[in-house]
Every structure is written in structure tokens, then in C-alpha cells.
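Here the structure is laid out as C-alpha cells; the discussion comes afterwards.
In the numbering used here, the protein residues as written are 1095 to 1185.
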């Protein structure tokens, strides 16, 4: 499934599961990096709790979907995404 971009300016490269996993990875990396320098920051703890309460199950389900893809399916998705990205960059 390909989704429209939030601004409606074009089609997104990633399907729903890919996009959800990418968003979760970025968010968790941001929180984890901040926790290194501010391990007792209450706001960071709240951000982590909010992520776990609201997004973690869907993100983990999407991760499971991605893990079910065969190597050939993964290669095809990578090829498609890179090709579209290259075409967008060239235009």
C-alpha cells in the first residue's frame, strides 16, 4: 500500500508498515540519545511512556510484517525505493 504524503504533494516511497517502523525508530533513537545525557529527565520518561502506551504495539506489529518478507521481496522494495528516489532527485 502506498500512501499519499501529508501535504498531498505526491506519493510516499514507503508503505504503511515501513513508514511506521521508520517513525518509531527515529522517535526511539531520539529519546534514547537524550536519555544518555539526561537520564533522570521527567519529560523524557514521559515521552518514552507515551510512545510505549500509544505506538509501540502497532510499531512492533509492523516490524513483524517486515520480518516476514523474503530476501527477494526486500531486494525488490529496496530497488523500487532507490529508483523512485533517484528519479525524484533527478527531476
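Even for Gly, the Cβ is constructed at its ideal location relative to N, Cα and C.
Predicted, not measured: the structure shown is a model, and the values here were computed from it.
(message) I'd like to check one pair, residue 1121 with residue 1145: are the Cβ atoms closer than 9 Å?
(response) yes
(request) Using alpha carbons as the reference points, say which of 1168, 1148, 1141 lies closest to residue 1127. (result) 1141
(request) Consult DSSP for residue 1135 and reduce its assignment to one of helix, strand or coil. (result) coil
(request) Work out the CA separation of residue 1107 and residue 1178 for me, nearest whole Å. (result) 7 Å
(message) So, at 8 Å on beta carbons, what are the nonlocal neighbours of residue 1115 in its own chain, with the 5 sequence-adjacent residues on each side left out?
(response) 1153, 1156, 1157, 1160
(request) Report the three-state DSSP secondary structure of residue 1167 (helix, strand or coil). (result) helix
(request) Using alpha carbons as the reference points, say which of 1139, 1164, 1149 lies closest to residue 1117. (result) Closest by C-alpha distance to residue 1117, out of 1139, 1164, 1149, is 1149.
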